[in-house]
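Asker: Here's a structure for you.
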Amino acid sequence: MRFLVALAAAATAVLVSSPVATPSSQTKVERRAVLEAAVVQEMNRVRAARGLRLLRAAPSLRSAARSHSEAMLERGFFSHDSADGTAFSERIKRYYTSRGFERWSVGEALMASQGHVVDAQAIVEAWLESPPHRAIVLSPTWRDAGIGVLYAPSAPATFGGTEAIVVTADFGLREGRAETS
């Protein structure tokens with residue numbers, strides 16, 4: 001099984017591959033909600049074993065992550081940036097707003113796997129085996145997380161028309177209510 005992993009933190013985006021301008025509106029995409037929950041549980045198991053605060057499931061981050069995984073599978077690209085070039089932090093901000101907070105930060109980890117089966121432990125292990133991914137998954141900064149796991153039986157372009165699973169993990173921190181005048 002081949003894995004592709006990518007990581008972005010705070011205001012730094014890491015471009016893994018260029019978006020492909022040949023979207024496929026015919027690509028059938030299926031959400032894997034049970035696996036999404038299992039990935040959060042596995043990350044929290046790993047974090048707890050290291051004395052780190054557990055991540056809270058954030059519906060807004062989950063929506064951002066699902067939307068991005070779906071776009072990557074449908075349009076056949078693998079990148080933190082959106083197909084139109086929008087930076088990951090701006091994409092996430094549409095769902096997980098910074099409005100009203102003094103401190104706001106987001107990060108992201110990606111993984112893609114050929115085939116139709118991958119488990120939560122394999123996903124988290126793949127991130128932990130990569131020093132930059134390990135740093136983001138185990139960062140004490142994050143309070144919230146949202147996972148988007150989607151599957152396509154035939155994903156275009158970067159995925160070569162094969163079946164693929166794409167996982168997006170979006171992490172966030174919002175602290176301190178900003179004073180309004």
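Following my numbering from start to finish, the sequence shown increments by one per residue and tops out at 181. Note that the Cβ used here is the ideal one computed from N, Cα and C, for glycine as well.
For the beta strand (DSSP E) containing Trp127, name the first residue and the last one.
Answerer: Within the sequence shown, the letter at position 127 stands for residue 127. Premise fails: Trp127 lies in the alpha helix (DSSP H), 120-128, not in any beta strand (DSSP E).
Asker: When you compare each of Thr158, Ile136, Ala71, Tyr95 to Leu55 by their alpha carbons, which one comes out closest?
Answerer: Here residue 55 corresponds to residue number 55 of the sequence shown, with the count starting at 1. Here the closest residue by C-alpha is Ile136.
Asker: Where does Glu179 sit, in a helix, a strand or coil, going by DSSP?
Answerer: Taking the first residue of the sequence shown as 1, we reach residue 179 at position 179. Here Glu179 sits in coil by DSSP.
Asker: What do you reckon, are the CB atoms on Ala83 and Arg75 nearer than 7 angstroms?
Answerer: In the sequence shown, counting from the first residue as 1, residue 83 sits at position 83. In the sequence shown, counting from the first residue as 1, residue 75 sits at position 75. Result yes, Cβ atoms of Ala83 and Arg75 sit closer than 7 angstroms.
Asker: For a minimum of 4 consecutive residues, which ranges assigned as the alpha helix (DSSP H) are wholly contained in the region 69-137?
Answerer: 88-93, 120-128, 131-137
Asker: Could you tell me whether the region 149-159 touches the region 26-34, using the rule of 3 or more Cβ pairs below 8 angstroms?
Answerer: yes
Asker: Run through DSSP, which three-state label would Val167 get?
Answerer: Within the sequence shown, residue 167 is the residue found at index 167, counting from 1. Three-state DSSP puts Val167 in a strand.
Asker: Classify Arg56 as helix, strand or coil using the three-state DSSP reduction.
Answerer: Taking the sequence shown and counting its residues from 1, the one referred to as residue 56 is at position 56. In the structure shown, Arg56 sits in a strand (DSSP, three-state: E or B).
Asker: Check Arg62 in the structure and name its three-state DSSP category.
Answerer: In the sequence shown, counting from the first residue as 1, residue 62 sits at position 62. Arg62 falls in the helix class under three-state DSSP.
Asker: If you measure between the beta carbons of Ala120 and Glu42, is that distance less than 7 angstroms?
Answerer: What you label residue 120 is simply residue 120 of the sequence shown in a count that begins at 1. What you label residue 42 is simply residue 42 of the sequence shown in a count that begins at 1. Yes; because the gap between Cβ atoms is below 7 angstroms, this pair is in contact.
Asker: Whole angstroms is fine: what's the gap from Gly85's alpha carbon to Glu108's?
Answerer: Your numbering for residue 85 matches position 85 in the sequence shown. Your numbering for residue 108 matches position 108 in the sequence shown. The C-alpha of Glu108 is placed about 16 angstroms away from the C-alpha of Gly85.
Asker: Using only the alpha-carbon positions, how far apart do Leu138 and Leu52 sit?
Answerer: Indexing the sequence shown from 1 puts residue 138 at position 138. Indexing the sequence shown from 1 puts residue 52 at position 52. In a straight line, the C-alpha of Leu138 is about 8 angstroms away from that of Leu52.
Asker: Roughly how many whole angstroms lie between the Cα atoms of Gly161 and Ala145?
Answerer: Here residue 161 refers to the residue found at position 161 when the sequence shown is read from its first residue. Here residue 145 refers to the residue found at position 145 when the sequence shown is read from its first residue. Cα-Cα distance, rounded: 30 angstroms.
Asker: How close, in whole Å, do the beta carbons of Ser105 and Leu61 come, if the pair is a contact with beta carbons under 8 angstroms?
Answerer: On the sequence shown, position 105 is the one that residue 105 refers to. On the sequence shown, position 61 is the one that residue 61 refers to. That pair is no contact at about 12 angstroms.
Asker: Compute the beta-carbon to beta-carbon distance between Ser69 and Thr168, rounded to the nearest angstrom, for a pair I have assumed lies under 8 angstroms.
Answerer: Sequence index remark: in the sequence shown, residue 69 carries index 69 (1-based). Sequence index remark: in the sequence shown, residue 168 carries index 168 (1-based). Confirmed, Cβ separation roughly 5 angstroms.
Asker: Return the residue from the list Ser130, Ser89, Met72, Leu110 that minimises the CA-CA distance to Thr158.
Answerer: Taking the sequence shown and counting its residues from 1, one reaches residue 158 at position 158. With distances taken between Cα atoms, Thr158 lies closest to Met72.
Asker: Hey, would you say Val40 sits closer than 7 angstroms to Ile147, going by beta carbons?
Answerer: Taking the first residue of the sequence shown as 1, we reach residue 40 at position 40. Taking the first residue of the sequence shown as 1, we reach residue 147 at position 147. The answer is yes: Cβ separation under 7 angstroms.
Asker: What residue does the alpha helix (DSSP H) around Val40 start on, and which one ends it?
Answerer: Numbered from its first residue, the sequence shown carries residue 40 at position 40. Val40 -> alpha helix (DSSP H) spans 33-49.
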